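Take a look at the structure set out below.
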Amino acid sequence: RGCLSCELGNNTSTLQEMSYGKFLDVVFRSIPGTYILLVLFVNNTPDKDLMPLLALLCSAGATSFLSTTLAYEYDMDYDNRKESPTVHGFVPNDRRGKALCFISNLFL
14 RGCLSCELGN NTSTLQEMSY GKFLDVVFRS IPGTYILLVL FVNNTPDKDL
64 MPLLALLCSA GATSFLSTTL AYEYDMDYDN RKESPTVHGF VPNDRRGKAL
114 CFISNLFL
C-alpha cells in the first residue's frame, strides 16, 4: 500500500497509523489541555479576563476538529464501508452532504 510501516514489515495501514496519532493527540494533549484551561477560567473569578476563555474555546475547537476528522476519515474509507456497511456510511457521498455532516459533527 505504500506506507512506511508496510515496508518495514508491519501490517497496519496508513489510515490506522494516522488514526493512532490523532487518538493519542486527543487523549494526551487536547483533552487535558482543555481541562486545565477550564479550571483556570473557573478559578479566575475576580477579573474574568477574556484570554482564558479564548484559549479554552480554541482548545475545545482543536479537540473537536481532531475527533471529527478521525470519525470522518474512518467513515469515508472505502475498505471500511465495504467491510461493514452497517457501521460505516453515515457521511453521504455528495459534496453538500459531506460538508453538512462534517460541520454538524464539528459543533456536536
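If you read the sequence shown in our numbering, its first letter stands for residue 14, the second for the next number, and so on.
For each residue, glycine too, the CB sits at the ideal point set by N, CA and C.
Since this is a predicted model, take the numbers as computed values, not measurements.
Span of the alpha helix (DSSP H) around P65: 63-89
Cβ contact (3+ pairs, closer than 8 Å) linking the stretch 99-112 and the stretch 46-60: no
Residues near L66 in its chain [Cβ-Cβ closer than 8 Å; skip 5 each side]: F54
Distance between beta carbons of L28 and E127, contact taken as under 8 Å: Residue 127 lies beyond the range of the chain shown here (14 to 121); nothing can be said about it.
Distance between P98 and F41 (C-alpha atoms, nearest Å): 31 Å
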